[in-house]
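Residues 1 to 226 in the numbering used here are what the sequence shown lists, from first letter to last.
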Amino acid sequence: MKSNKRAILGIILILAGMLLIAAHLGWIPWSFRSIIFSWQTLLIALGVFFILSRDNLPAGLILIGVGGFFLISKIVPMSFEYRRLIWPVLLVAFGLVLITRRTGRQKIPADSMDYIDDMSIFGGGDKMITSQNFRGGRLTCVFGGSKINLLKADLAKGQNIIDIFAMFGGTKLVIPTGWNVKIEITSLFGGFNDKRPVPPDNVIDPSKELVIKGIVIFGGGDIVSY
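Here you go:
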C-alpha cells in the first residue's frame with residue numbers, strides 16, 4: 001500500500017516538475033499558467049491522489065469538486081464575484097466529509113466503551129479511555145483539537161483501527177510504549193509523528209495491533225507516552 005502511494009505521488013511530482021520546466025522554457029502560454037499553477041488545480045491533484053491511492057474516496061471526490069468548481073469559475077466569466085462562495089462551498093465540503101465519515105466502512109456501536117467517536121470543531125477537549133478491549137474508532141478535528149489518553153486501556157486481539165480526519169486542527173494520542181502501533185496517515189501541509197520513547201526491553205505483543213490511518217490537511221498529530 002505504501003509503495004503504491006509513493007508511486008502515485010512520484011508520478012504527480014514528476015508531472016508537476018515537467019510542467020514547471022515547460023513554463024520556464026516558454027512552452028506554456030501565459031494564459032494557461034495561472035490556471036495550471038493555482039490552488040484550484042492543487043486541490044484537484046490531491047483529490048486524484050486520494051482516489052488513486054484508495055486512501056479516502058469521499059475526500060478525494062470532494063477535493064476535486066471544490067477545486068473544479070472554482071477552476072471553472074476562473075476560466076468561464078461569471079456575472080458575480082465567485083470568491084464570495086469560498087466559505088459556503090467549504091462549509092458544504094466539510095459537511096459532506098462528516099456525513100461520509102459517519103456512514104463509512106467502520107461501524108461503531110452506540111454506547112460501546114470499546115470504541116471512540118470524538119469530534120472537535122472550533123474547540124476540543126481531553127478524554128480518558130479505560131477499556132481493556134479497545135477496538136479503535138474515529139477522530140474528527142476541524143479548526144480544533146483533542147487529547148486521547150489510552151494509558152489505562154488495553155488493545156483487543158487482532159487489528160484495531162483509529163480513523164483520523166484533521167483539517168486546520170490536530171490530535172494527541174497518549175499511548176503506552178509497549179503497544180504495537182502502525183501509522184498510515186496521509187498528510188498535506190502537516191504531519192503525524194510517533195514520539196514515544198523506545199521501551200528498554202522492547203516487549204511488544206504482536207497479536208495486538210493499533211493502526212492509525214486517515215488524512216491530515218493543514219494540521220497534525222502526535223503519539224506520546226508518559
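Quick reminder that beta carbons are idealized off the backbone N, C-alpha and C, glycines included. Everything numeric in this text was worked out from a predicted model, so none of it was measured.
The continuous stretches of beta strand (DSSP E) do not include F32, which lies in the alpha helix (DSSP H) extending over residues W30 to I36. Secondary structure of I223 (DSSP, three-state): strand. When the beta-carbon positions are compared, V66 and L43 come within less than 7 Å of each other. Relative to the Cα of F94, the nearest Cα in the group I204, G68 and I121 belongs to I121. For I51, the enclosing alpha helix (DSSP H) has its first and last residue at W39 to L52.
Restricting attention to A166, L188, P197 and M119, the CA atom closest to the CA of V181 is found in P197. In this structure, C141 sits away from T186, with a CB-CB distance that is not shorter than 7 Å. When Cβ pairs closer than 8 Å are counted between the two stretches, the region 21-35 is seen not to touch the region 159-175, the count staying below three. Around the C-beta of F189, fewer than 16 other C-beta atoms lie within 10 Å, and the residue is accordingly described as exposed. In the three-state reduction of the DSSP assignment, V198 falls in the coil class, being assigned neither a helical nor a strand state. Taking the CA atoms as reference points, G26 sits about 14 Å from I36.
Residue environment: Q40 is assigned as buried (16 or more neighbouring CB atoms within 10 Å of its CB, all protein chains considered). Under the DSSP definition of a beta bridge, M128 partners with N149. Listed in chain order, the non-local C-beta contacts of L155 below 7 Å within the same chain comprise F134, W179, K208 and L210, local neighbours out to five positions each way being set aside. I175: not part of any beta strand (DSSP E); DSSP gives it neither H nor E. DSSP places A16 within a helical segment (H, G or I) once states are collapsed to three. In this chain, the beta strand (DSSP E) harbouring R138 covers G136 to V142. Secondary structure at F218: coil, using DSSP grouped into helix, strand and coil.
Spatial neighbours of L91 in its own chain (CB-CB distance under 6 Å, excluding positions within 5 residues in sequence) are not present. When secondary structure is reduced to three states using DSSP, K208 falls in the strand class. In this structure, the straight-line span from the alpha carbon of F143 to that of G124 is close to 9 Å.
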